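Take a look at the structure below.
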Amino acid sequence: MLFRILGKDQFHALVEIILKSNEVIAPKRIGAKANGQPIHEFLPISAFDEMDLHYRSTQYSAKTYFLPYQETLSTFRLHGGDWEQEIAYRSEPRAIIGLRAYDVNALVKLDKVFARGRFPSPYYISRRKNTFIVGIDHDPLEDEFSQSMGADIVTHGFDLFLTDLGDRYFVAIASDHAFSLLSMVETAEVTDDDTQTYKEVRRRILEGFKTQINAKNLPNLLDLEFTSEVWKKWGKKCLSCGSCAMVCPTCYCYGVNEEVTMDFSEAKRVKQLYSCNILDFAEVAGGHNFRPDHETRLKYRYYHQHRGFMEDYDEPKCVGCNRCGRVCLAGINPPAVIKDLYEEDL
Amino acid sequence: MDHLRIEKKLPRVAVFDFTGCEGCELQLANKEETLGAFLSAIDVVHFREVSSAEGDDYDVALVDGAISRPDEVERLKAIRQQAKVLVAMGSCACFGGVNRLKNAYDLQEANREVYGDCPKETMPTQAVKHFVAVDLEVPGCPVNKDEIERVVQHLVWDLPLCTFAYPVCLQCKQRFTVCRFDMGELCLGPITRAGCNAPCPAGGLGCWGCRGPAKNPNYQEFFALVKEKGFTERELHDRLGFFGGFEDLL
Amino acid sequence: MSISEESRNRVNLNVDVRHLARVEGHGNIKVRVVDGQVVEARWDIVETPRFFEVMLKDKHYTAAGILTARICGICSIGHCLASVRATEDAFGVTIPEAAAKLRLLAKHGETLQSHVLHLFFLAAPDFLGLPSAIPLKDVNPEAFALAARLKGLANRVCDVVAGRTTHPVSIQVGGMAKMPDVQTLLELKAGLERGCRDLDAAIELFRTMEIPDFVRETEFVSLKGEREYAFIGGRLLSTDGVERPEASYRVMTNEYVTEENTSKWCKLSRESFAVGALARINNNYHRLHPKARAAAVPFDLAPINHNPFMNNVAQLVECVHVVYDSLRLVDELIGTGPAPIMAEVTPRAGQGVGAVEVPRGILYHDYEYDDQGRVVRANCVIPTTQNNANIHFDLKALAEQFATEGMTDEKLELLCSMLVRAYDPCISCSVH
Amino acid sequence: MGTLRAYDVRQESTMIQPLDFNDRLGLKSVDGVFKAEITNVIRLTDWEKLFHLRICDDTERQRFSFLPGQFVMIEVPGYGEVPISISSSTSNKGYLEVCIRNAGTVTNALHQAQRGAKVGIRGPFGTHFPLEQMEGHSVLLIAGGLGLAPLRAPIYYVTENRAEFKDVHILYGTRSPDQLLFDYQYESWRRIDDVNMQIIVEQPNGSWDGPVGLITELLDGVEVDPQQTFAIVCGPPVMFKFVCRRLNEMGIPMDRMFVSLERRMQCGMGKCCRCNVGATYTCTDGPVFDYWSVMNLKEAI
Ligand SMILES: Cc1cc2nc3c(=O)[nH]c(=O)nc-3n(C[C@H](O)[C@H](O)[C@H](O)COP(=O)(O)OP(=O)(O)OC[C@H]3O[C@@H](n4cnc5c(N)ncnc54)[C@H](O)[C@@H]3O)c2cc1C
Ligand code: SF4
Ligand code: SF4
Ligand code: SF4
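Structure follows, in structure tokens:
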């Protein structure tokens, strides 16, 4: 990895360059909650100033730019007694600026599912390869537990990664694309002084994590506690609304529906992101439901996050952003659920 | 469905309105992009609001509005006799809708208040299913035209009809809406059946539950969290009672 | 006895329409001509009564607009606007300027969608000799597409501004809950520009329609346009010279109950008066957008016009007005940038009135609140209620004029139906 | 120009092959379907029909191959896509057979479809029954109800390679005689292929004179050397649970019994997670599992 120092004015210039002919997605303030907290989301920006890199968190993750909630997988043109299938992938370039380490890591995890393996998804790959990613370091949030999930440090999956050193950024360059882009603005070599400051900032960040969960033995624990009362306790609260999976940067399960135009000229296969907490997630024809109750479905979400994915990829699927914990009206959040599992006797 | 060699049918559809605002019928004339195709896919034999043609040989009856006068009961029963499939369209037909709110008041007094010495015939407002068997319920105030299209396709060609096994929250999230609870407002989204595509929260109004209960809703937790967030019994009660879908809870 | 009188004496006609089609709600027409004499000519509303004024009692102010929108599916935005305006009046709330613009824009959207629906789908079939507009898609696909496009545009305006076309969600006490973003407004603008061109085509299309030659002098009531063509709030005006503030709406309406009707009747200076597009134009012709006034010329529509069938033309002219005025509003909203759209609302005991020009005429909501912000008493006066008596007396005059030799039951039925439809009555609304 | 170059996936068009699931390289249009014509529809019972499908395109047809136990996603444009086991012989390259129960929307549409109708197929997907591994052994092929449909592919394999197997038993049970599938084939399996074919029903009707009871009862009459026997069990979960338990008692090791699991599936590619049980995707890690794995799968049955 190459490192450079980028002045803040030069960063501004860089963003303007990208903006000139690409769609740019960045954290944008869209209002405030009733309690005064600002609300930020990853949204298209048209000017540098619309971006607010000092955002706390976004309710929605940036996964939507890779796995949209609704996506047409293919179109069938129906005519006479026959049909033709059409498949299209998105290919317009796009840049996302301001992703946090855990969000970049979330993409790395999605890559494993959608860009590798036996059936790589061309829909995902076309988006991923056409997206330029600028990550940025941040001071951990109160309730974030990304460190426990090993997602607070990012080594790949981005093009540029910034660390704020006050008046300048320390930049990690991870692609040739990013390298040539950076050559459009002025950058400086990293000096000893810069390295020193960088290390201090990084230390401050690393030591700043307030929420930790014990993830070490989690896969094993989940197996042991399969019938634990903990699932009853939290399952009873779950509204089966699916909000957690919608905001999660790594939840990717989906359903497919077919839609036909009223004149029968066209049928579409539409993919819709779904959630394993939803009632009919595991229902099959004839009405048998493998997971009829809240409790079992909630358990399986945790099971997939912290054990299932582990078996497949040697790492948990969760990156510890706690978006799901924040969005859940019932207050179900991983740190609390996992803590309960450790302390089983309720 | 030519490609399946399945013969295409042109169903005879009739639309009937009872006590209500006719907003649901208006939706039938909406969704302009597909209006022509929609009308070509069916044979409208009776639809008083838009057509003076009157036929009584229909297969599918779309009924909107609630029932609130004895003559309506008679009319409804006749329709049921004729129709192979009777669809209750909209919250009024499905649950009685807002018109049901009058049932909380003394009808004689209400009559006196509005009509003075010339009282009009009326009776407690009820849902369609209260009087005749309903084959399919499409709730919503008003109904969603997309869903009506799906219903017609389902009835005619057996195309899949999504039954929405999730509450409004999911569709709300899929539109990137900020949760109304975060804005300090009450919202019935978590217990209300999805399918409307959550226009209310997106437009800045917590859900009022016009589509009635979601499948297997978690009332207990929902009521607990509403209370915890500082909303009063009365506020919750006002909402649950508004469109009639949650009547069983009250 | 002259020959013509003699032949007239042989005219016997019978019109009995139960549940008139292509109007919103249930109404009956009955006309009987015996030996040339009109012995009966009635317009009766038999819609089931719903008692909204009673239902409103005890409701929280936040629910009033949501509830009253359900009085009518076609003018739900108008009802919601009148409702929040009455509440704001009662609480002494002044809404931010941007919110007022958004509200007017939503109102325009509704006016356009309702008028287009009426003109193309409810009224036009009579002029084309079709039972409904459904065959129009095959007979005249361009006209059908044109209507669908204009209606789509109108719905888009409502969706974007009010959150939904039927039963708005963003119109709330204190202002508006949401401001469309610039991108959306720009798209809307493009749509409106296209709409202007579509309206030119619509005018061409309706030029061919033959308006029955019928005149009955009457009084017309509407909001008074002070600076602009008035839609939301302001003073009340009649062509007979009555002028009152919004709060004195009762003086302008004088509602009374009749034996046969579930809808009430109204009167002012005469036995009946009319509200609606024609009334508005008769009162505020000079405040119309210049393009709208130009559109009125080929139809010879100028104040004061006493032919009720001309209400169709008045609606078309208003379509032109609202589309051009929407363009202005959209431009201004784009120019304003982020601005407050919601005022602070503190409920207090009091009474308030909101008057709004909905597609079919002037609408009043009047609420009395307790200090908790719950409704104590409510009264709503609906345009069709105000038109009922006028329709009734028009029918009589119409029958008298057309009960001549050669007239058949069918022809008279069509004329009577067309007359009633010209008012675009909103029956379920009137029996709220 | 300092802007991002558009990364055009079309540059990789050479990699986006027309669908080819047997070539596991590069970017694939994984949602592309083979268009197939329904060449014949055979009514088996009131609920099940057998469909003969022929892939329309010659090269696609030649490239299509599968292993016994694998399934395809059948796309009915307008209606949806469903996972269906292939019920024909792996050696028949010309067409494939699927036996479909009218269970819901998509399957109902298929039941309405006439000869000449065009559907799409994606696949084949999933694991298969390891028949090569079974060669040289006796095999027990056990099916309950619709389970005979997926079992037909292994039956064809065994009968077509009859010499490679020792004793072959087909045990089949249904609720009632009118639910028996492929009754026209029993005789040929028995007489031509030297298979011990036994049938049992739970609720006999007037004309039934065969054995009555649960499928496990048929096992009482079967003599096998448990160390030299493999078993394939297809049917509803309750059925294979009891059968496998019984086989285990007979001494057949759990990793020599194979079952096929059913879950809701929307992609067939281990993406939609609908069939996910913890870490296991029924579509890619299954549908064929040995019984040991099933026992270890939480919630498998
Ligand atoms: C590996 C596998 C092999 C199968 N082989 C056969 C076969 O050979 N013959 C046969 O008749 N059936 C088979 N099934 C079951 C068949 O897939 C379902 O009956 C079918 O999906 C029902 O779809 P539907 O649209 O008709 O029903 P609906 O109830 O309308 O189903 C709606 C959707 O739910 C999903 N779904 C419902 N039930 C199932 C199910 N049991 N399995 C997977 N998804 C389901 C589908 O995605 C379907 O589109 C198999 C299932 C699996 C998983
Ligand atoms: S855990 Fe919370 S957010 Fe997730 S489905 Fe349950 S209630 Fe909804
Ligand atoms: S904390 Fe929740 S939202 Fe964040 S990655 Fe983990 S499971 Fe997903
Ligand atoms: S959000 Fe709620 S109130 Fe609004 S349409 Fe949907 S179900 Fe009805």
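Residue numbers (the numbering used here), protein chains in the order written: chain A, 1 to 346; chain B, 1001 to 1250; chain C, 2001 to 2432; chain D, 3001 to 3301.
All C-beta atoms in this analysis are idealised placements derived from N, C-alpha and C, irrespective of residue type, glycine included.
Treat the numbers as computed from the prediction; the structure is a model and nothing was measured.
L221(A) versus A267(A) - alpha carbon distance: Here residue 221(A) is taken as the residue at index 221 of the first sequence, counted from 1. Here residue 267(A) is taken as the residue at index 267 of the first sequence, counted from 1. Distance between the alpha carbons of L221(A) and A267(A) is about 46 Å.
Proximity test, Cβ basis, 8 Å: S3260(D) and chain A: Within the fourth sequence, the letter at position 260 stands for residue 3260(D). S3260(D) does not count as touching chain A.
Through-space distance from R3264(D) to P335(A), alpha-carbon basis: For the purposes of this step, residue 335(A) is taken as the residue at position 335 of the first sequence. For the purposes of this step, residue 3264(D) is taken as the residue at position 264 of the fourth sequence. Roughly 31 Å between the two C-alpha positions.
Selection of the region 2070 to 2085 of chain C by Cβ proximity to chain B, strictly under 7 Å: R2070, I2071, C2072, G2073, I2074 and S2076
Three-state secondary structure (DSSP) of V1114(B): Against the second sequence, residue 1114(B) aligns to sequence position 114. DSSP places V1114(B) in helix when its eight states are reduced to three.
Y3281(D), DSSP secondary structure in three states: Working through the fourth sequence from its first residue, we reach residue 3281(D) at position 281. If DSSP states are grouped into helix, strand and coil, Y3281(D) belongs with the strands.
H3052(D), DSSP secondary structure in three states: On the fourth sequence, position 52 is the one that residue 3052(D) refers to. Note: H3052(D) maps to strand in three-state DSSP.
Member of D2181(C), A2069(C), P2125(C) and H2115(C) whose CA lies at the smallest distance from the CA of P2338(C): Indexing the third sequence from 1 puts residue 2338(C) at position 338. Nearest option by C-alpha distance: D2181(C).
Any chain A beta carbon closer than 8 Å to M3269(D): Taking the fourth sequence and counting its residues from 1, the one referred to as residue 3269(D) is at position 269. Yes, M3269(D) lies at the interface with chain A (some Cβ there is under 8 Å from its Cβ).
Alpha-carbon to alpha-carbon, R2050(C) and I2154(C): In the third sequence, counting from the first residue as 1, residue 2154(C) sits at position 154. In the third sequence, counting from the first residue as 1, residue 2050(C) sits at position 50. Inspection of the sequence shows that residue 2154(C) is occupied by Ala rather than by Ile. Distance between the alpha carbons of A2154(C) and R2050(C): 29 Å.
Environment of H2026(C) [buried if 16+ CB atoms lie within 10 Å]: In the third sequence, the residue the question calls residue 2026(C) occupies position 26. Buried, by the Cβ-count rule.
Heavy atom of ligand 2 within 7 Å of L298(A) beta-carbon: Here the question's residue 298(A) lines up with position 298 in the first sequence. Yes, the beta carbon of L298(A) sits closer than 7 Å to at least one heavy atom of ligand 2.
Own chain, CB closer than 6 Å to D2240(C), minus 5 neighbours either side, in chain order: Locating residue 2240(C) in the third sequence gives position 240, where the first residue counts as 1. Cβ neighbours of D2240(C) beyond the five flanking positions: E2219 and S2269.
Euclidean distance between Cα positions of V2039(C) and N2012(C): Here residue 2039(C) refers to the residue found at position 39 when the third sequence is read from its first residue. Here residue 2012(C) refers to the residue found at position 12 when the third sequence is read from its first residue. Approximately 10 Å, taken between the alpha carbons.
Inter-stretch contact (C-beta, 8 Å, three-pair minimum) for the region 1041 to 1053 of chain B and the region 2120 to 2132 of chain C: yes
Three-state secondary structure (DSSP) of Y3079(D): For the purposes of this step, residue 3079(D) is identified with residue 79 of the fourth sequence, where counting begins at 1. Three-state DSSP puts Y3079(D) in coil, outside helix and strand.
Beta-carbon proximity check, A2279(C) vs V2317(C), cutoff 8 Å: Translated into the one-based positions of the third sequence, residue 2279(C) becomes position 279. Translated into the one-based positions of the third sequence, residue 2317(C) becomes position 317. No, they are not a contact pair.
Cross-strand partners of H1130(B) (DSSP beta bridge): Locating residue 1130(B) in the second sequence gives position 130, where the first residue counts as 1. In DSSP, H1130(B) forms no bridge with anything.
beta-carbon N3108(D) near ligand 1 non-hydrogen atom, thresh 7 Å: Taking the fourth sequence and counting its residues from 1, one reaches residue 3108(D) at position 108. Yes, the Cβ of N3108(D) comes within 7 Å of a heavy atom of ligand 1.
By C-beta, the residues closer than 5 Å to any heavy atom of ligand 2, given in chain order: C238(A), L239(A), C241(A), S243(A), C244(A), N277(A), C328(A), A330(A) and I332(A)
Check: A1165(B) C-beta below 7 Å from any heavy atom of ligand 4: Along the second sequence, one-based indexing puts residue 1165(B) at 165. Every heavy atom of ligand 4 is 7 Å or more from the Cβ of A1165(B), so no.
DSSP state of A2021(C) mapped onto helix, strand, coil: Here the question's residue 2021(C) lines up with position 21 in the third sequence. A2021(C) falls in the coil class under three-state DSSP.
Closest by C-alpha distance to F170(A), when choosing among H177(A), M149(A) and L182(A): What you label residue 170(A) is simply residue 170 of the first sequence in a count that begins at 1. Measuring from the Cα of F170(A), the nearest candidate turns out to be L182(A).
Beta strand (DSSP E) segment containing A3163(D), residue limits: Translated into the one-based positions of the fourth sequence, residue 3163(D) becomes position 163. A3163(D) -> no beta strand (DSSP E), and no H or E assigned at all.
For V1050(B), the three-state DSSP class (helix, strand or coil): Indexing the second sequence from 1 puts residue 1050(B) at position 50. Here V1050(B) sits in coil by DSSP.
Contact list for the region 249 to 274 of chain A against chain B, Cβ threshold 9 Å: N257, E258, E259, V260, T261, M262, D263, F264, S265, Q272, L273 and Y274
is_contact[L346(A), chain D] using C-beta, thresh 8 Å: Taking the first residue of the first sequence as position 1, residue 346(A) is located at position 346. Note on L346(A): pLDDT 47, under 50, position unreliable in the model; the coordinate value appears next. Not an interface residue.
D3023(D) burial status per 10 Å Cβ neighbour count (16 or more: buried): Looking up residue 3023(D) in the fourth sequence gives position 23. Here the model assigns D3023(D) a pLDDT of 33, short of 50, so the residue's position is not dependable, and the following value carries that caveat. So D3023(D) ends up on the exposed side.
Strand pairing of G3173(D), partner residues [DSSP]: If you number the fourth sequence from 1, residue 3173(D) lands on position 173. G3144(D) and I3200(D), per the DSSP bridge assignment.
Candidates V3294(D), N3161(D), A3117(D) and G3136(D), of which the one nearest V3233(D) by Cα: One-based indexing of the fourth sequence puts residue 3233(D) at position 233. That would be V3294(D), whose Cα lies nearest to the Cα of V3233(D).
Whole-angstrom distance between L298(A) and V3195(D), CA atom to CA atom: Against the fourth sequence, residue 3195(D) aligns to sequence position 195. Against the first sequence, residue 298(A) aligns to sequence position 298. Each residue's Cα considered, the two are about 48 Å apart.
Beta-carbon neighbours of F85(A), restricted to chain B and to distances below 8 Å: Counted from its first residue, the first sequence places residue 85(A) at position 85. It is Gln, not Phe, that sits at residue 85(A) in the sequence shown. Neighbours of Q85(A) on chain B: none; closest Cβ ~12 Å, over 8 Å.
Own chain residues within Cβ distance below 6 Å of K271(A), not counting five before or after: As a working note, residue 271(A) is residue 271 in the first sequence. Cβ within range, chain order: E71, L73, Y254 and V256.
Residues that H3128(D) bridges to, as DSSP identifies them: Working through the fourth sequence from its first residue, we reach residue 3128(D) at position 128. According to DSSP, which records beta bridges pairwise, H3128(D) is partnered with nothing at all.
Check: M3239(D) C-beta below 7 Å from any heavy atom of ligand 1: What you label residue 3239(D) is simply residue 239 of the fourth sequence in a count that begins at 1. No, the beta carbon of M3239(D) sits no closer than 7 Å to any heavy atom of ligand 1.
Nearest candidate by alpha-carbon position, reference E311(A), set V3277(D), R3043(D) and C3283(D): Along the first sequence, one-based indexing puts residue 311(A) at 311. It is V3277(D) whose Cα lies nearest to the Cα of E311(A).
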